[in-house]
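Engineer:
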Amino acid sequence: MARIIPRTLKGKILAALLGLAAVAILGLVLLVVFWTWLSWVLVAAFVLYGAVVVLLAVGLLGYLVWKRQKLTALRLDWIDSEAQSHL
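Residue numbers (my numbering): 2 to 88.
(1) Pull up the CB-CB distance for Leu-15 and Ile-26, whole angstroms please, since I reckon it's below 8 Å.
(2) Go through its chain and collect everything with a Cβ distance to Val-65's Cβ below 8 Å, but skip five positions before and after it.
(3) Determine the direct distance from the alpha carbon of Gly-20 to that of Val-1, and round the result to whole angstroms.
(4) Helix, strand or coil, according to DSSP, for Ile-14 in the structure here?
(5) Give the DSSP-derived three-state secondary structure of Ile-5 in the structure shown.
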């Protein structure tokens, strides 16, 4: 039965190179799979981040609308106190 890779020095070097090539190809495959998976994780993180930002913005807007009259009165007090401090 013939061997695929002979036991000579040339065969051993060929086996080492084939092993190195197989490891390199496996590494590239793992890298592509990892970055594909990681890109989905990154997209999910950005979507979650965007949802949190939108919720915070809506909450702030709702708070400002709800407290609008109180904030307006506070602003008028600030304006009055600044005018009196310049006199």
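Even glycine gets a Cβ: it sits at the ideal position worked out from N, Cα and C.
Structural biologist: This is what the structure gives:
(1) Looking up residue 15 in the sequence shown gives position 14. Looking up residue 26 in the sequence shown gives position 25. With 8 Å as the limit, Leu-15 and Ile-26 do not qualify as a contact, their Cβ atoms being about 16 Å apart.
(2) Taking the sequence shown and counting its residues from 1, one reaches residue 65 at position 64. Residue 65 is actually Leu in this sequence, not Val. These residues qualify, in order along the chain: Leu-72.
(3) Examination of residue 1 is not possible in this model, given that the chain is present from 2 through 88 alone.
(4) Residue mapping note: residue 14 aligns to position 13 of the sequence shown, counting from 1. DSSP places Ile-14 in helix when its eight states are reduced to three.
(5) Taking the sequence shown and counting its residues from 1, one reaches residue 5 at position 4. Residue state, collapsed to three classes: coil.
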